[in-house]
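Protein chains in written order, with my numbering: chain A, 668 to 1005; chain B, 2 to 287.
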């Protein structure tokens, strides 16, 4: 059985790699609208994956994840417009600062939030997210208030000008791939395994001697750091940073994307992100009632596909196994791990 | 700062708190009874305002608009609870997400039916005047908001404390399993409370429409404030919701007047702190 699990896992990795190669080949050859759309979806999906570390692997549903994207994005925008910093090779420093500021914010917020669980965790992350939103909305002198901050230019690396859509797409794409690889390594590591143990049964992990608080706290900080990273990319993708990026609806979007694709799968969140951005920005140009489609997809997913789109193959397999075994002695289907 | 400033701001804060009480009390009861974090509560508020507008446009009666809107939204809430939330069972995350899905659907429906324009609900002329007292002018409408909240709050309190169904609701909040054990139909209580919560939110939406306006996006703008009320006061407690609403209303007004740059921060940071230290809220039932 373990051998079978191994091969199925390798197939999954190959499928993801193939999809990434396909995206890298197809997207640059489409029009600028689709390139920007894909860039947005990729930048945002780093946030969705960071949320999935909490939601899918640790069992903590956060309603304030957009705050980390927000601080990363505001940092980028403020440095770029007020100090002309991060528009050349120093962009890499901004990327690092974004990760640090996201992680630092999570380190502070985590002290308050990690003790809570279930519904209370939802509520406290909502409150913390609103704190950041409130500052962005009201602190005019720093954040530009309601209007936000416009970034007039993207970084230039010597001859490479990122205001070129394709060049910028590849930058986001590469950073996305690295993030995906890092997060995948994280959730497969012993640390990630312990997180899954906490998700399944925290008390047992405590009895086994794990410091579950510390595990959750570290996961929270890592998620915040990736959130900050996605914010840096988002600022240059959108060209504007405003309180809308931190609004409750944005956090909720991230959560829905993760659930739509399938929580606890990382790539599920990416799929969810592409579907939602696709519907929102493409379907909305075609029909006025696009939001019904989105709303109905959400409602149907939650009602009928609790494991998300990534859970569909497994459900089909189970159904087939059940039908195939009708009449035969009952056989245990291989349990779905991770 | 003159005396006048403090009196006027306190009055404004009080009236805003009255509105938040209408919104927050229902949310608090829903959470207390069902443990549902209802993210479509802001939508009920907004839809209440829109339905009231339609009633006013067709009949011209503001007085009629209030009960019609509140009952219509209560019915929507009831359907949502029966058809979608109840079968889901107890799963906080799925419940939350489901209510968000509905919030998006309501948002689109409101946009289709009532367009994206900003509207105001104009109350009868008798309520639009101001009363002068001690050299200060107090809009009568704000006094009306306070009075409505007082009446509703008192009615709710009497219903909860003095009636049989109120006792059943309190029992369900305290321990749903035990309540079922002694023969209380907690499923029916949930249905009733969810509809009541929607009713109160819509009522708030109609009354708030004369003061905040009715416009797309109001739903998610007001929702976090409702949660602040519920959390500061304590989930599932009516008295807590009243005190929470008062505190949020006053904090919001004085915050915006005294230190505008951090005004929302001073609202939500205490909310987070209270949650971290005492998750049941300042006045929540243990």
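Each residue gets a CB set at the ideal place from its N, CA and C atoms; glycine is no exception.
Beta-carbon neighbours of residue i, restricted to chain B and to distances below 8 Å
| i | result |
| --- | --- |
| residue 782 of chain A | 277 |
| residue 779 of chain A | 273, 274, 276 and 277 |
Helix, strand or coil at residue i [DSSP, three-state]
| i | result |
| --- | --- |
| residue 994 of chain A | Its pLDDT being 48, under 50, residue 994 of chain A is placed unreliably by the model, and the measurement read from it follows with that caveat. Three-state result, residue 994 of chain A: coil. |
| residue 38 of chain B | coil |
| residue 783 of chain A | coil |
| residue 279 of chain B | coil |
| residue 955 of chain A | coil |
| residue 14 of chain B | helix |
| residue 119 of chain B | coil |
| residue 252 of chain B | helix |
| residue 138 of chain B | strand |
| residue 917 of chain A | helix |
| residue 183 of chain B | coil |
| residue 113 of chain B | helix |
| residue 200 of chain B | helix |
| residue 92 of chain B | coil |
| residue 941 of chain A | helix |
| residue 176 of chain B | coil |
| residue 1002 of chain A | Because residue 1002 of chain A carries a pLDDT of 45, less than 50, the predicted location of this residue cannot be relied on, and the following value inherits that uncertainty. Residue 1002 of chain A falls in the coil class under three-state DSSP. |
| residue 260 of chain B | coil |
| residue 828 of chain A | strand |
| residue 101 of chain B | helix |
| residue 668 of chain A | Note that residue 668 of chain A scores 44 on pLDDT, short of 50, meaning its location in the model is unreliable; the coordinates nonetheless yield the value given after this. Coil, per DSSP. |
| residue 7 of chain B | helix |
Residue interval of the alpha helix (DSSP H) (run including residue i)
| i | result |
| --- | --- |
| residue 851 of chain A | 832 to 855 |
| residue 222 of chain B | 219 to 234 |
| residue 146 of chain B | 141 to 163 |
| residue 68 of chain B | 63 to 80 |
| residue 884 of chain A | 879 to 905 |
| residue 83 of chain B | That residue, residue 83 of chain B, is in no alpha helix (DSSP H); it is neither H nor E in DSSP. |
| residue 977 of chain A | Neither: residue 977 of chain A is in no alpha helix (DSSP H) and is coded neither H nor E. |
| residue 704 of chain A | 699 to 719 |
| residue 871 of chain A | 869 to 874 |
| residue 808 of chain A | 807 to 810 |
Interface partners of residue i on chain A, CB under 7 Å
| i | result |
| --- | --- |
| residue 272 of chain B | 794 |
| residue 266 of chain B | 798, 801 and 802 |
Amino acids of chain B, ordered along the chain, whose beta-carbon sits closer than 7 Å to that of residue i
| i | result |
| --- | --- |
| residue 787 of chain A | 276 and 280 |
| residue 959 of chain A | 106 and 109 |
| residue 791 of chain A | 273, 276 and 277 |
Contacts of residue i in chain A (Cβ-Cβ under 8 Å)
| i | result |
| --- | --- |
| residue 263 of chain B | 801, 802, 805 and 806 |
N- and C-terminal bounds of the beta strand (DSSP E) containing residue i
| i | result |
| --- | --- |
| residue 734 of chain A | Taken as a continuous stretch (DSSP letters only), residue 734 of chain A belongs to no beta strand (DSSP E), being part of the alpha helix (DSSP H) at 733 to 750. |
| residue 133 of chain B | 131 to 134 |
Residues that residue i contacts on chain B, provided the C-beta gap is smaller than 9 Å
| i | result |
| --- | --- |
| residue 956 of chain A | 109 and 113 |
| residue 775 of chain A | None at all; the shortest Cβ gap to chain B is about 11 Å. |
| residue 926 of chain A | 94, 95 and 98 |
Query raised in the report: If you measure beta-carbon to beta-carbon, which residues of the stretch 96 to 115 of chain B are closer than 9 Å to chain A?
Result: 96, 97, 98, 99, 101, 102, 103, 104, 105, 106, 107, 108, 109, 110, 112 and 113
Query - Contact the stretch 756 to 764 of chain A vs the stretch 879 to 892 of chain A: 3+ CB pairs below 8 Å - result: no
Query raised in the report: Touch check for the stretch 854 to 871 of chain A and the stretch 723 to 740 of chain A: three-plus C-beta pairs under 8 Å?
Result: yes
Query raised in the report: Relative to chain A, which residues along the stretch 18 to 52 of chain B have a C-beta separation below 9 Å, given in chain order?
Result: 32, 36, 37, 38 and 40
Requested in this report: Give the residues from the stretch 212 to 234 of chain B that approach chain A closer than 8 Å (Cβ to any Cβ), ordered along the chain.
Outcome: 221, 224, 225, 228, 229 and 232
Query raised in the report: Listed in chain order, which residues of the stretch 911 to 924 of chain A have Cβ atoms closer than 8 Å to some Cβ of chain B?
Result: 914, 915, 916, 919, 922 and 923
Report task. Decide yes or no for the touch test of the stretch 231 to 248 of chain B against the stretch 49 to 56 of chain B: beta carbon pairs closer than 8 Å, at least 3 of them. Result -> no
Query raised in the report: Are there three or more Cβ pairs, one per stretch, closer than 8 Å when the stretch 696 to 703 of chain A is compared with the stretch 820 to 830 of chain A?
Result: no
Query raised in the report: Is there contact between the stretch 852 to 861 of chain A and the stretch 780 to 800 of chain A, where contact requires at least three CB pairs shorter than 8 Å?
Result: no
Query raised in the report: Quick one, which residues of the stretch 961 to 982 of chain A are near chain B if we go by CB-CB under 9 Å, in chain order?
Result: 961, 962, 963, 964, 965, 966, 967, 968, 969, 970 and 973
Query raised in the report: Are the stretch 938 to 946 of chain A and the stretch 709 to 723 of chain A touching by the rule of at least three beta carbon pairs closer than 8 Å?
Result: yes
Query raised in the report: Given a limit of 9 Å on CB to CB distance, which residues of the stretch 78 to 97 of chain B reach chain A?
Result: 85, 88, 89, 92, 93, 94, 95, 96 and 97
**Report entry** At least 3 beta-carbon pairs within less than 8 Å: the stretch 130 to 146 of chain B vs the stretch 109 to 118 of chain B
**Finding:** no
Report task. May I ask you to verify whether the stretch 68 to 76 of chain B touches the stretch 913 to 925 of chain A, counting CB pairs closer than 8 Å and requiring at least 3? Result -> no
Requested in this report: Kindly confirm or deny that the stretch 923 to 932 of chain A and the stretch 955 to 969 of chain A touch, where touching means at least three C-beta pairs closer than 8 Å.
Outcome: yes
Query raised in the report: If you measure beta-carbon to beta-carbon, which residues of the stretch 129 to 150 of chain B are closer than 7 Å to chain A?
Result: none
Report task. Note down, in chain order, all residues in the stretch 722 to 739 of chain A with a beta-carbon under 7 Å from any beta-carbon belonging to chain B. Result -> 728
Query raised in the report: Okay, do the stretch 28 to 37 of chain B and the stretch 55 to 62 of chain B touch, 3+ Cβ pairs below 8 Å being the bar?
Result: no
Report task. Indicate whether the contact test is met: 3 or more Cβ pairs, each with one atom in the stretch 14 to 27 of chain B and one in the stretch 246 to 261 of chain B, closer than 8 Å. Result -> yes
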